[in-house]
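Okay, so here's the structure we're looking at.
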Amino acid sequence: MLMSYRYHWAMWGAMVVLIGLMLFSITRGTVSLSLMQVLGALKLVDEPVSAMVSRIVTDLRVPRMLLSVLTGAGLAMVGALLQTTTRNDLADPFLFGLSSGASAGAVLVITRFGDRLGVLTLPVSAFVGGVCSAIAVMLLFHFKKATRS
């Protein structure tokens, strides 16, 4: 019961800190904005804001902030997945060659095709290289574990 209670409050505290940092990141930039201007641009308070401020907040800063939160969450999930799958607390993409596999996939497409295949070719090839590297590493772990037992 006590652990559940602490976990509950820790999660709420983390969410409050995350929302506070998200709002703080929206207020900072080349054009410094007040919190009331940001909340007015987001239509959370009845604060008149100029069209420029509204555009800065809704078209530039909010998408950047949301993508950074999603990227951080994705990286955390990948790290947890790697550590759980390999049962290694120090596991990261560089240790297992996943980053090198992604780089190899990107370099292969750059050297063979250049930019003739389109805009999405480079990220897709990097993803495929990373997945191939991950499959190779997991197969090596599986075979090593099978020969050990």
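This note's numbering applies: residue 7 is where the sequence shown begins, and numbers increase by one.
For every residue, glycine included, the Cβ atom is placed at its ideal position computed from N, Cα and C.
For clarity, every value in this text was computed on a predicted model and none was experimentally measured.
Reduced DSSP secondary structure (H/G/I, E/B, other) of residue i
| i | result |
| --- | --- |
| P69 | helix |
| A97 | coil |
| G35 | coil |
| V23 | helix |
| V125 | coil |
| V51 | coil |
Cβ-based burial, residue i [other Cβ within 10 Å; buried from 16]
| i | result |
| --- | --- |
| F119 | exposed |
| A82 | exposed |
| M56 | In the sequence under discussion, the amino acid at residue 56 is Ser, which differs from the Met named in the question. So S56 counts as exposed. |
| V37 | exposed |
| I116 | exposed |
| A112 | buried |
| S10 | exposed |
Short Cβ contact (7 Å threshold) for residue i with residue j
| i | j | result |
| --- | --- | --- |
| L39 | T33 | yes |
| V63 | V75 | no |
| M58 | M28 | no |
| V114 | G136 | Reading off the sequence, residue 114 comes out as Leu, not Val. Cβ atoms of L114 and G136: not closer than 7 Å. |
| F102 | V68 | no |
N- and C-terminal bounds of the alpha helix (DSSP H) containing residue i
| i | result |
| --- | --- |
| R61 | 57-61 |
| G107 | 104-119 |
| L45 | 41-47 |
Review point. Counting Cβ pairs, one atom from each stretch, are 3 or more of them under 8 Å apart for the stretch 93-100 and the stretch 45-53?
Key: no
**Study point:** Three-pair Cβ contact test at 8 Å for the stretch 106-121 versus the stretch 132-143
**Key:** yes
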